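Enquirer: One structure coming up, written as structure tokens, with questions to follow.
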């Protein structure tokens, strides 16, 4: 008999101890995902400023450092404070600045290179009056997602804000930033590529206008996992800020941003009941673990996750005709076919590929690596 | 000038300190909700076994004790362990028993009166072999929700399981338990009343069959907030297990289970941006705080929460024509009319009545009372 590798042996030990919904992390896959994105950015001569809201973990943050990552993105002032306290010195908060948190913002600005995002003159006025140290200020641009930002075609408004930033004490105009979140609605990778090209086109046009108005060194920052994953290179922008790519998930798989073997997390869930008349398996693993984010199947059914089996080294490819069809707080319902229904037993673990890794991590707050190490996220509130 | 009451003064102080999404709790309303439900149960001569998954807090658990509550419901083995460590001695885990957690189940069964829920002979066999102390076992019955449980009309199957329980070492057959979760789909309070009456009818018919087969003292346990809120009394059952009623929420308001002044929690969110062309206000308050649970408006739009204004004593009645229309991880988008759009300013706090209080509490993990006290939930994992 061949001796098992240490890795396999470790995983087997982990498997035996799982008794409740547990977020498994395949560290090797996550590091491969980081390496691939970092190399693509480097080859394009573009700054890689990954979004750390996906993992929220100082320990996982360390995995980025060997690939030269020194600058990061976060989504809240508290998250910036957490990563700053773990040694990160160049952090952009890619969320419209929350002026109520000015005390914490000032504390950060004193210590690190802080980037803020604005899209209104009220916020710029407030910062000009209340900031005590220098910050880099980005203007949030809407290239079609319609969530936040100034429409890219409102060049006069953007130029007006840029002028106000440049004229405000402690504020330096860094550039224009967008999140092309409408890429999540794309029906094909060619549509994602089109959205990426369209975003870059709009951002460059806007920069040209700003440059013509004598703003120098206006940087372009883009970043969402679908476009950053399918884009061949990042020529034409100054920095990319994807986040979800570190783990990917079922939604990214459906979009074509990743392959199944790139997905680095799965939620291990105990099977607790079976309903033969409906070919349904009930798991302990609900909205409190997976979040209520869903995708629609071709048949327009809600899908809250794909289902895999545990293996010696992690989890199997996804089981055909099988998905999480509904969730309540602690319950998940898996709909399957007669073959898998017969195979799965009460007390088994089933491995769920989540729809949205960011929200699952935010709910679970800790990871168990396949080597048996527990990694923590930041505290929910600090 | 009239002196302000201490309560008002305290709340004013709290309001000034809110700088990030914060879950506010109106303690007075929560206690009124507890009192009302406890009195209704008492008047019907029925055991009140409230579901503590909604608040998950030992401190809030104490508020039930003055109303004679000694027995509680939880949704996981870990939650049972938490409340047991805070002195609760009679706990039912109203979730299909997770046999992988047998070590923790045995530790609990040794210390407290533990109720378990089963719906398969495999689970009963496992418990019979592995339990080391006595537990009360309930059979999960499906009266129409189709999530878990044996269909109520499968009387032979239920009787078979009851017999197996009664014949197993350390297992005592306690009765039949249901959760009529389809009440959440009701279109009117009269439909909720019909669902309640229908559930009771089915459970009583099933008990009659079991009694005829010589099972004695078969108890009936029911409980979901809509039916328990609108039912006039609880005659005909032995215990009720509602949970959400302690705080209620926007969904319960829409269902008619509560009035707006019964809602005891609201998420305070800073306004960070405004989009005049869409009458939209962006708040810091997203899926990481509110969960992705939604309701559909009459116009079939997704609604992730209602919007109120802060007041000296908490929050105002909900603002007309105004609701949370979409959420991403940290962003919430409020859709409103021109009048409220003009009124709300960047930096203001807006108070969101959440769609599903259980999930918001699970995400937020702490409450700030209007008197300025921070109350904690159980740790996410222990």
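Residue numbers (the numbering used here), protein chains in the order written: chain A, 588 to 969; chain B, 588 to 969.
The beta-carbon is built from N, C-alpha and C at its ideal position, and this holds for glycine as well.
Please read these numbers as outputs of a predicted model, since none were measured by experiment.
Is there at least one Cβ from chain B nearer than 7 Å to residue 872 (chain A)'s Cβ?
Expert: It does not: the Cβ of residue 872 (chain A) has no partner Cβ on chain B nearer than 7 Å.
Enquirer: Using DSSP bridges, identify the partner residues of residue 890 (chain B).
Expert: Residue 890 (chain B) is bridged to B:882.
Enquirer: Closer than 9 Å, Cβ to Cβ, to anything on chain A: give me those residues from the region 678–699 of chain B, in chain order.
Expert: For the region 678–699 of chain B, which is checked against every Cβ of chain A, the residues closer than 9 Å are 682, 683, 684, 685, 686, 687, 688, 689, 690 and 691.
Enquirer: Inspect the CB distances between the region 877–890 of chain B and the region 958–968 of chain B and report whether three or more fall short of 8 Å.
Expert: Output reads no: the region 958–968 of chain B does not touch the region 877–890 of chain B.
Enquirer: Check the Cβ-Cβ distances between residue 857 (chain B) and every residue of chain A, and say whether any is below 7 Å.
Expert: With 7 Å as the cut-off, residue 857 (chain B) counts as an interface residue toward chain A.
Enquirer: Would you give the residue range spanned by the beta strand (DSSP E) that residue 814 (chain A) belongs to?
Expert: No beta strand (DSSP E) holds residue 814 (chain A); the alpha helix (DSSP H) holding it covers 812–817.
Enquirer: Spell out the partners DSSP gives residue 683 (chain A) in its beta bridges.
Expert: The partner list for residue 683 (chain A) (beta bridge, DSSP) reads A:704.
Enquirer: Measure how close the beta-carbons of residue 878 (chain A) and residue 943 (chain A) come, nearest whole angstrom, since I'm counting them as under 8 Å.
Expert: The Cβ separation is near 6 Å, so the contact holds.
Enquirer: Short of 7 Å Cβ to Cβ, which residues in the region 785–813 of chain A face chain B?
Expert: Cβ contacts with chain B come from no residue of the region 785–813 of chain A.
Enquirer: Kindly list, in the order they appear in chain B, the residues whose Cβ is closer than 9 Å to that of residue 747 (chain A).
Expert: The contacting residues do not exist; residue 747 (chain A) stays about 15 Å from chain B at best.
Enquirer: Using 7 Å as the threshold, is the C-beta distance between residue 939 (chain B) and residue 892 (chain B) below it?
Expert: Yes, the pair counts as a contact, with Cβ atoms nearer than the cut-off.
Enquirer: Give, in chain order, every residue of the region 882–907 of chain B whose Cβ lies closer than 7 Å to some Cβ of chain A.
Expert: The region 882–907 of chain B vs chain A, Cβ under 7 Å: nothing.
Enquirer: Tell me whether the beta-carbon of residue 838 (chain A) lies closer than 7 Å to the beta-carbon of residue 790 (chain A).
Expert: In this structure, residue 790 (chain A) does not lie closer than 7 Å to residue 838 (chain A) by Cβ.
Enquirer: Any beta carbon from chain B within less than 7 Å of residue 967 (chain A)'s own beta carbon?
Expert: Closer than 7 Å to some Cβ of chain B, the Cβ of residue 967 (chain A) qualifies, so yes.
Enquirer: Give the interface partners of residue 918 (chain B) over in chain A, defined as CB-CB distance under 9 Å, in chain order.
Expert: Chain A residues near residue 918 (chain B): 662, 682, 683, 734 and 735.
Enquirer: Please return the same chain residues whose Cβ sits closer than 6 Å to the Cβ of residue 614 (chain B), not counting the five positions on each side in sequence.
Expert: Same-chain partners within the cutoff: 956.
Enquirer: Is it true that the region 603–622 of chain B meets the region 647–654 of chain B, where meeting means three or more beta-carbon pairs spaced less than 8 Å apart?
Expert: Because the criterion of three Cβ pairs below 8 Å is met, the region 603–622 of chain B and the region 647–654 of chain B touch.
Enquirer: Inspect the beta-carbon positions of residue 895 (chain B) and residue 916 (chain A) and report whether they are closer than 7 Å.
Expert: Not closer than 7 Å, so no.
Enquirer: Does the region 839–849 of chain A touch the region 658–669 of chain B, meaning 3 or more C-beta pairs lie closer than 8 Å?
Expert: Judged by Cβ distances under 8 Å, the region 658–669 of chain B makes no contact with the region 839–849 of chain A, as fewer than three pairs qualify.
Enquirer: Would residue 767 (chain B) and residue 760 (chain B) be called neighbours here (beta carbons separated by less than 7 Å)?
Expert: No; because the gap between Cβ atoms is not below 7 Å, this pair is not in contact.
Enquirer: Take the Cβ of residue 588 (chain A) as the centre, count every other Cβ of all protein chains shown within 10 Å, and call the residue buried at 16 or more, exposed below.
Expert: Bear in mind that a pLDDT of 34 at residue 588 (chain A), under 50, signals an unreliable position, so the model cannot answer this.
Enquirer: Assuming the contact rule is C-beta atoms closer than 8 Å, residue 762 (chain A) and residue 739 (chain A) should be a hit. Round their C-beta distance to whole Å, please.
Expert: The pair is not a contact, with the Cβ atoms about 13 Å apart (cut-off 8 Å).
Enquirer: So with Cβ pairs under 7 Å, would you call residue 537 (chain A) a contact of chain B?
Expert: The requested residue 537 (chain A) does not occur in the structure, where chain A is confined to residues 588 to 969.
Enquirer: Might you give, ordered along the chain, the residues of its own chain that have their beta carbon closer than 8 Å to the beta carbon of residue 968 (chain B), omitting 5 neighbours on each side?
Expert: Contacts found: 665.
Enquirer: If distances are taken between C-alpha atoms only, which option among A:822, A:683 and A:808 comes closest to residue 636 (chain A)?
Expert: Nearest C-alpha to residue 636 (chain A): A:808.
Enquirer: Would you say residue 963 (chain B) faces chain A, with C-beta separation under 7 Å as the test?
Expert: No - not a single Cβ of chain A is within 7 Å of the one on residue 963 (chain B).
Enquirer: Is residue 934 (chain A) close to chain B, meaning its C-beta is less than 7 Å from at least one C-beta of that chain?
Expert: Chain B, which has a Cβ nearer than 7 Å to the Cβ of residue 934 (chain A), makes this yes.
Enquirer: Consider the Cβ of residue 841 (chain B): report whether some Cβ of chain A lies at a distance smaller than 7 Å.
Expert: False, the Cβ-Cβ gap to chain A never drops below 7 Å.
Enquirer: Could you pull out every residue in the same chain whose Cβ sits closer than 7 Å to the Cβ of residue 776 (chain B), ignoring the five residues on either side in sequence?
Expert: The residues are 817 and 843.
Enquirer: CB-CB under 7 Å to residue 880 (chain B), same chain, minus the five flanking residues each way: which ones, in chain order?
Expert: Around residue 880 (chain B): 942, 943 and 946.
Enquirer: Just checking: is the beta-carbon of residue 712 (chain B) within a distance shorter than 7 Å of some beta-carbon in chain A?
Expert: For residue 712 (chain B), the answer is no, since every Cβ of chain A falls outside 7 Å of its Cβ.
Enquirer: Count the other C-beta atoms from every protein chain shown that fall within 10 angstroms of the C-beta of residue 932 (chain B), then say buried if there are 16 or more, exposed otherwise.
Expert: Classification of residue 932 (chain B): exposed, given that the 10 Å Cβ count is below 16.
Enquirer: Among residues of its own chain, excluding the 5 on either side of residue 689 (chain B), which ones have a beta-carbon nearer than 6 Å to its beta-carbon?
Expert: Correct list, in chain order: 717.
Enquirer: Looking at chain B, is there any beta carbon in it that lies within less than 7 Å of the beta carbon of residue 722 (chain A)?
Expert: False, the Cβ-Cβ gap to chain B never drops below 7 Å.
Enquirer: Could you have a look at residue 588 (chain A) and say whether DSSP puts it in helix, strand or coil?
Expert: Because the pLDDT of residue 588 (chain A) is 34, which lies under 50, any placement of that residue in the model is unreliable, and the question is left without a value.
Enquirer: If you follow the alpha helix (DSSP H) that residue 629 (chain A) is in, where does it begin and where does it stop?
Expert: Unbroken alpha helix (DSSP H) run through residue 629 (chain A): 614–630.
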